[in-house]
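The next block holds one structure in the form of structure tokens; read it before the comments.
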Amino acid sequence: MSQIEEVTLDGMSHLVSDRALKGETMLLNMGPQHPSTHGVLRLLLELDGETVVNAIPDIGFLHTGIEKNMEAKTYQKAEVMTDRMDYLNTTGNNLAYCLAIEKLVGLDVPERAQTLRVLLAELQRLASHLVWLGTSALDLAAMSDFMYCFREREMIMDIYELISGQRMMTTYIRPGGVWRDVPVEFETAVRELLKIMPRRIDEYESLLTKNPLFIDRTAGIGKISAEDAVNWGLTGACLRGSGVYYDIRKFAPYSGYEQYDFEVPLRTEGDVRARYLVRVAEMRQSVRIIQQALDKLPMGPVRSSNYKFVPPPRSEIGTSMEALIHHFKLWTEGFNAPAGSVYVAVESPKGEQGVFLEGNGGPKPWRIHFRNPSFDNLQALPVLAKGFLVADLVAIIGSIDIVLGDVDR
Amino acid sequence: MGLEQKLGNMGVVTTRLEDLVNWSRTNAMWPMLFGLACCAIEMMSAQAANYDMSRFGMELMRASPRQSDLMIVAGRVSRKMAPVLRRLYDQMPDPKWVISMGDCASCGGVFNNYAVVQGVDEVVPVDVYVAGCPPRPEALIHGVITLHEKVRRERMKDWA
Chain P
121 MSQIEEVTLD GMSHLVSDRA LKGETMLLNM GPQHPSTHGV LRLLLELDGE
171 TVVNAIPDIG FLHTGIEKNM EAKTYQKAEV MTDRMDYLNT TGNNLAYCLA
221 IEKLVGLDVP ERAQTLRVLL AELQRLASHL VWLGTSALDL AAMSDFMYCF
271 REREMIMDIY ELISGQRMMT TYIRPGGVWR DVPVEFETAV RELLKIMPRR
321 IDEYESLLTK NPLFIDRTAG IGKISAEDAV NWGLTGACLR GSGVYYDIRK
371 FAPYSGYEQY DFEVPLRTEG DVRARYLVRV AEMRQSVRII QQALDKLPMG
421 PVRSSNYKFV PPPRSEIGTS MEALIHHFKL WTEGFNAPAG SVYVAVESPK
471 GEQGVFLEGN GGPKPWRIHF RNPSFDNLQA LPVLAKGFLV ADLVAIIGSI
521 DIVLGDVDR
Chain A
2 MGLEQKLGNM GVVTTRLEDL VNWSRTNAMW PMLFGLACCA IEMMSAQAAN
52 YDMSRFGMEL MRASPRQSDL MIVAGRVSRK MAPVLRRLYD QMPDPKWVIS
102 MGDCASCGGV FNNYAVVQGV DEVVPVDVYV AGCPPRPEAL IHGVITLHEK
152 VRRERMKDWA
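Top line first, the protein sequences correspond to chains P and A.
Sequential numbering from 121 applies to the first sequence in this note's numbering.
Sequential numbering from 2 applies to the second sequence in this note's numbering.
Dropping the structure here:
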């Protein structure tokens, strides 16, 4: 076990300004155990009085070795790892990974599974934004929003439990489709959520959007220009809050997103409040997409019938020798994907969730790498925080919506 | 027996000191706000409206280890985090308890690799293990109640 290293000021001279070495500015440690860093993020703050001169993120406290571990598992079995990266967007991670496999081996996905994927990805976006809204409002001392958001999140978790038996780590989306068809109660449960959700979003907004205290804490704080946002590789609401119209669902549609009618919310201010408004507007758009997906949900199979890559239905195993062989082969040695590399990106609640997958003809990924939005968004934190107060830093960290599992993986 | 009933009428209750202390410890056990990974989200759910851990006197999550009695290790512990976790545990005042929440904290879970400590009991002594990946909020509450039962059984002669 490694020990906590005692670092001297000289040891940090490459990180901090000359003023810190002369003792003009103060160095302060924030985290990794801090209620407002949304996990185990450590920040080294250089402060001039209460003003942040520099904020240097120290990451890796949640490094789990997911990429390396996935290389030791077959394509299907590695999927459970993707859930545990960005644990607020489990379905979205599954989707990105499955799309990469499908692109690599050339699998088709039935229409019903496509619609279900979109529906579930949007439900997950709603759930993720609810956690973000609750916790970042809590950081600014708004306790009620936290309680309200988690009340609705429980409804979404109940829907996930209904379809998969698990609340968070569902691994419901599988290569070639989804795990199995949704039960009949699914539609009623989602419709109930859709019925109450718009009014509930109004309720959250009524507590925050025009609240003078909230405006004071967020407007003009953590500003980043559109140019900087692009240069720092921001994606998701952080980018759209700065006025850059970029959403992968619109620009490179996957899973049939082009069939849905929705808008991409934009703000031009680029501050904490803009990012807040973009995300709240996104929640409304997600409700719209879920509504459309549920209305058009076609009947039919939910998994590809290409049994070289997708396990055959359980019912066929008893009667078909072929099916039994496929089942046995898929769950023992897995399927062989062709050599080659693919990159697939989806729009996760936090930004561009990319998967780079390289196969070498065997049953295991030769190399897999994730482009996680939280990681890329976090690197802009020093730019965002510079010149603001320590108290604002809390609002800024909340507004870029990082999940440390996504940063460190 | 007769004496105790009479004393009750007079507004006096007699009990053993250790029972009284244990009772007070279980009913105001402040957990440390210490979320590591996925389980922290379920821990937050347990705090929120639907599951409401304040029913057990535990709504007050303290961010400082100096003010907390219970460490809920919610999530996987990486090798970089382990020394920090130990330091936080050492900073907690006695008496202190640890709940290992979830498979990763209990035994490494699905992550049997170079980065993850295979069970937080390698670093700190654990009182209650809660299984699940992640455990449901009910499972965490069950773990908390199990810990309360354990605390109620503690005897004065074992106190350090």
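Don't be surprised by glycine CBs; every beta carbon is placed ideally from N, CA and C.
Being a predicted model, the structure only gives us computed values, none of them experimental.
For residue 107(P), return the contacting residues in chain A, with the cut-off set at a CB-CB distance below 8 Å. Shown here, chain P extends from 121 to 529; a query on residue 107(P) therefore has no answer.
So what does DSSP say about residue 170(P), is it helix, strand or coil? Here residue 170(P) sits in coil by DSSP.
For residue 493(P), the first and last residue of its enclosing alpha helix (DSSP H): 493–498
Among 292(P), 269(P), 497(P), which residue has its Cα nearest to the Cα of residue 319(P)? 269(P)
CB contact check: residue 214(P) to chain A, cutoff 9 Å: no
Which whole-angstrom value describes the C-beta separation of residue 131(A) and residue 141(A), a residue pair presumed to lie in contact below a C-beta threshold of 8 Å? Contact check for residue 131(A) and residue 141(A): beta-carbon distance about 6 Å, within the 8 Å limit, so the pair qualifies.
Proximal residues, the region 165–190 of chain P versus chain A, C-beta separation under 7 Å: 180, 181, 182, 183, 184, 185, 188, 189
Presumed contact (8 Å Cβ cut-off) between residue 311(P) and residue 414(P), rounded CB distance: 7 Å
Could you tell me the boundaries of the alpha helix (DSSP H) in which residue 149(P) lies? From DSSP, residue 149(P) is part of no alpha helix (DSSP H) but of the beta strand (DSSP E) over 146–150.
Bridge partners - residue 22(A), DSSP secondary structure assignment: Looking at the DSSP assignment, residue 22(A) forms no beta bridge with any residue, so it has no partner.
Going along chain P in order, which residues have a C-beta closer than 8 Å to the C-beta of residue 115(A)? 185, 188
Rank 202(P), 159(P), 173(P), 163(P) by C-alpha distance to the C-alpha of residue 530(P) and give the top, closest one. Within the shown structure, residues of chain P are numbered from 121 to 529, placing residue 530(P) beyond reach of any answer.
Once you ignore the five residues that flank residue 370(P) on each side, which residues in its own chain have a CB closer than 7 Å to its CB? If we look at residue 370(P) and ignore the five residues flanking it on each side, its Cβ neighbours are 384.
Contact set for residue 297(P): own chain, Cβ-Cβ below 8 Å, skip 5 residues either direction: 229, 230, 233, 421, 422, 423, 424, 430
I'd like the span of the alpha helix (DSSP H) that includes residue 306(P), first residue to last. 305–328
Buried or exposed by the 16-neighbour rule on C-beta atoms within 10 Å, applied to residue 14(A): Exposed.
The region 331–353 of chain P: which residues have C-beta closer than 7 Å to a C-beta of chain A, in chain order? The residues in question: there are none.
Compare the C-beta of residue 77(A) against all C-beta atoms of chain P and say whether one is closer than 9 Å. yes
Could you check the C-alpha separation between residue 491(P) and residue 439(P) for me, to the nearest Å? 44 Å
Strictly below 9 Å CB to CB, what residues from chain A border residue 131(P)? The premise fails here: residue 131(P) is roughly 17 Å from chain A at the closest Cβ pair, so nothing lies under 9 Å.
Using only alpha-carbon positions, find the residue among 76(A), 147(A), 92(A) that is nearest to residue 110(A). Among 76(A), 147(A), 92(A), the Cα nearest to that of residue 110(A) belongs to 76(A).
Can you give the beta carbon distance from residue 129(A) to residue 23(A), rounded, assuming they're within the 8 Å contact cut? Not really, about 16 Å apart at Cβ, beyond 8 Å.
Within 10 Å of its beta-carbon, does residue 378(P) have 16 or more other beta-carbons around it, so buried, or fewer, so exposed? exposed
Among 349(P), 404(P), 332(P), which has the Cα closest to the Cα of residue 313(P)? 404(P)
Quick check on residue 304(P): buried or exposed, where buried means 16 or more other Cβ atoms within 10 Å of its Cβ? By the beta-carbon neighbour count (other beta carbons within 10 angstroms, threshold 16), residue 304(P) is exposed.
Same chain only: Cβ atoms within 6 Å of residue 200(P), ignoring 5 sequence neighbours per side: Only 291 meet the Cβ criterion.
Which two residues bound the contiguous beta strand (DSSP E) that contains residue 465(P)? 460–468
Tell me, which residues are paired with residue 130(A) by DSSP? 101(A)
Less than 9 Å between CB atoms is the rule here; does residue 137(A) satisfy it with respect to chain P? yes
For residue 509(P), which beta-bridge partners are listed by DSSP? 171(P)
When burial is assigned at 16 or more other CB atoms within 10 Å of the CB, is residue 25(A) buried or exposed? exposed
When you compare the CB of residue 1(A) with every CB in chain P, is at least one pair closer than 9 Å? Residue 1(A) lies beyond the stretch modelled for chain A, which goes from 2 to 161, so this question has no answer here.
Terminal residues of the beta strand (DSSP E) in which residue 74(A) lies: 71–75
Would you list the one or two residues that DSSP bridges to residue 32(A)? 71(A)
Length of the line joining the Cα atoms of residue 456(P) and residue 483(P): Going from the Cα of residue 456(P) to the Cα of residue 483(P) covers about 4 Å.
Give me the chain A residues within the contact set of residue 251(P), using Cβ-Cβ distance strictly less than 7 Å, ordered along the chain. 42
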